[in-house]
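> Throughout, our numbering is defined as the position within the sequence shown, counted from one, plus 53.
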Amino acid sequence: MNFLWKYVEKLEKENFGGGNTKFKCSYCNLTYNGSYFRVRSHLLKISGNRIRCCPKVTSSHLAEMQKIDAEVEKTKALKTKKVHFLPQRLIRLLVPPLRHILPLK
54 MNFLWKYVEK
64 LEKENFGGGN
74 TKFKCSYCNL
84 TYNGSYFRVR
94 SHLLKISGNR
104 IRCCPKVTSS
114 HLAEMQKIDA
124 EVEKTKALKT
134 KKVHFLPQRL
144 IRLLVPPLRH
154 ILPLK
(Lines of atoms letter the chains of each structure in order from A and count residues from 1; the text may use other names and numbers.)
(Lines give C-alpha, C1' and ligand atoms only; values in the text may rest on other atoms or scores of the structure.)
Protein backbone atom coordinates (compact mmCIF):
# COMPACT_ATOMS: atom_id res chain seq x y z
CA MET A 1 0.00 0.00 0.00
CA ASN A 2 2.83 2.43 0.78
CA PHE A 3 4.34 2.27 -2.68
CA LEU A 4 6.05 5.68 -2.49
CA TRP A 5 8.68 4.48 -0.01
CA LYS A 6 10.61 3.09 -2.99
CA TYR A 7 11.27 6.67 -4.17
CA VAL A 8 13.03 7.68 -0.94
CA GLU A 9 15.90 6.30 1.10
CA LYS A 10 15.11 5.68 4.76
CA LEU A 11 18.07 6.98 6.73
CA GLU A 12 17.14 6.32 10.34
CA LYS A 13 14.13 5.71 12.55
CA GLU A 14 13.26 8.64 14.82
CA ASN A 15 12.67 7.99 18.51
CA PHE A 16 9.42 9.91 18.85
CA GLY A 17 7.22 6.98 17.86
CA GLY A 18 4.70 6.41 15.15
CA GLY A 19 5.88 5.94 11.59
CA ASN A 20 8.31 8.85 11.68
CA THR A 21 11.69 8.37 10.07
CA LYS A 22 14.39 10.45 8.45
CA PHE A 23 14.29 10.04 4.67
CA LYS A 24 16.12 11.32 1.61
CA CYS A 25 14.22 11.92 -1.62
CA SER A 26 15.68 10.03 -4.59
CA TYR A 27 14.67 12.85 -6.96
CA CYS A 28 15.88 16.03 -5.22
CA ASN A 29 18.31 14.47 -2.69
CA LEU A 30 16.88 16.59 0.15
CA THR A 31 16.50 15.08 3.62
CA TYR A 32 13.28 15.31 5.66
CA ASN A 33 11.76 13.89 8.84
CA GLY A 34 8.29 12.42 8.85
CA SER A 35 5.94 9.59 8.07
CA TYR A 36 4.54 8.17 4.84
CA PHE A 37 2.05 11.07 4.82
CA ARG A 38 4.92 13.53 4.33
CA VAL A 39 6.63 11.32 1.72
CA ARG A 40 3.34 11.23 -0.19
CA SER A 41 2.86 15.01 0.10
CA HIS A 42 6.44 15.68 -1.07
CA LEU A 43 6.41 13.36 -4.08
CA LEU A 44 2.82 14.00 -5.23
CA LYS A 45 3.31 17.76 -4.82
CA ILE A 46 0.48 18.14 -2.32
CA SER A 47 0.93 21.56 -0.73
CA GLY A 48 -0.15 22.63 2.73
CA ASN A 49 1.28 19.64 4.61
CA ARG A 50 4.37 21.34 6.05
CA ILE A 51 6.77 19.82 3.54
CA ARG A 52 8.18 21.25 0.34
CA CYS A 53 6.86 19.78 -2.91
CA CYS A 54 9.60 17.97 -4.80
CA PRO A 55 10.89 20.23 -7.59
CA LYS A 56 12.57 17.34 -9.44
CA VAL A 57 9.57 15.03 -10.00
CA THR A 58 8.76 15.25 -13.69
CA SER A 59 5.20 15.64 -14.92
CA SER A 60 5.23 12.12 -16.39
CA HIS A 61 6.48 10.57 -13.12
CA LEU A 62 3.96 12.65 -11.17
CA ALA A 63 1.09 11.44 -13.38
CA GLU A 64 2.21 7.82 -12.97
CA MET A 65 2.50 8.13 -9.17
CA GLN A 66 -0.87 9.92 -8.93
CA LYS A 67 -2.55 7.14 -10.92
CA ILE A 68 -1.14 4.44 -8.63
CA ASP A 69 -1.99 6.51 -5.55
CA ALA A 70 -5.60 6.90 -6.72
CA GLU A 71 -5.89 3.12 -7.18
CA VAL A 72 -4.45 2.52 -3.70
CA GLU A 73 -6.85 5.04 -2.13
CA LYS A 74 -9.79 3.47 -3.97
CA THR A 75 -8.82 -0.01 -2.73
CA LYS A 76 -8.40 1.33 0.80
CA ALA A 77 -11.86 2.96 0.66
CA LEU A 78 -13.46 -0.31 -0.47
CA LYS A 79 -11.84 -2.19 2.42
CA THR A 80 -13.04 0.33 5.00
CA LYS A 81 -16.07 -1.00 6.83
CA LYS A 82 -19.08 1.24 6.66
CA VAL A 83 -21.14 1.68 9.81
CA HIS A 84 -24.84 2.23 9.30
CA PHE A 85 -26.84 3.68 12.15
CA LEU A 86 -30.50 2.95 12.69
CA PRO A 87 -32.83 5.95 12.64
CA GLN A 88 -34.14 6.94 16.09
CA ARG A 89 -37.74 5.95 15.24
CA LEU A 90 -36.63 2.39 14.42
CA ILE A 91 -34.68 2.18 17.67
CA ARG A 92 -37.83 3.22 19.56
CA LEU A 93 -39.83 0.49 17.82
CA LEU A 94 -37.22 -2.22 18.27
CA VAL A 95 -36.20 -1.46 21.84
CA PRO A 96 -39.23 -0.08 23.72
CA PRO A 97 -38.42 -1.72 27.10
CA LEU A 98 -35.09 0.10 27.36
CA ARG A 99 -36.55 3.61 27.04
CA HIS A 100 -36.51 4.15 30.78
CA ILE A 101 -32.80 3.17 30.91
CA LEU A 102 -31.63 4.96 27.75
CA PRO A 103 -33.72 8.08 27.21
CA LEU A 104 -34.00 8.90 23.52
CA LYS A 105 -34.65 12.37 22.23
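Note that beta-carbon positions come from the ideal geometry of N, C-alpha and C, so glycine has one too.
Determine the closest residue to K75 out of E124, K66 and N82, with distance taken between C-alpha atoms.
Taking the sequence shown and counting its residues from 1, the one referred to as residue 75 is at position 22. Cα-wise, what sits closest to K75 is K66.
> Take the Cβ of R145 as the centre, count every other Cβ of all protein chains shown within 10 Å, and call the residue buried at 16 or more, exposed below.
Residue numbering aside, residue 145 sits at position 92 when the sequence shown is read from its first letter. Flag for R145 reads exposed.
> Can you check DSSP and say which residues form a bridge with C78?
Along the sequence shown, one-based indexing puts residue 78 at 25. In DSSP, C78 forms a bridge with V61.
> Mapping DSSP to helix, strand and coil, what is T84?
The residue you call residue 84 lines up with position 31 of the sequence shown. Strand, per DSSP.
> Please state the DSSP three-state secondary structure of K66.
The residue given as residue 66 occupies position 13 in the sequence shown. K66 falls in the strand class under three-state DSSP.
> Which two residues bound the contiguous alpha helix (DSSP H) that contains I121?
Locating residue 121 in the sequence shown gives position 68, where the first residue counts as 1. S112 to K132 is the extent of the alpha helix (DSSP H) around I121.
> Give the range of the alpha helix (DSSP H) segment to which I144 is assigned.
The count along the sequence shown starts at 1 and reaches residue 144 at position 91. Segment Q141 to L147, the alpha helix (DSSP H) holding I144.
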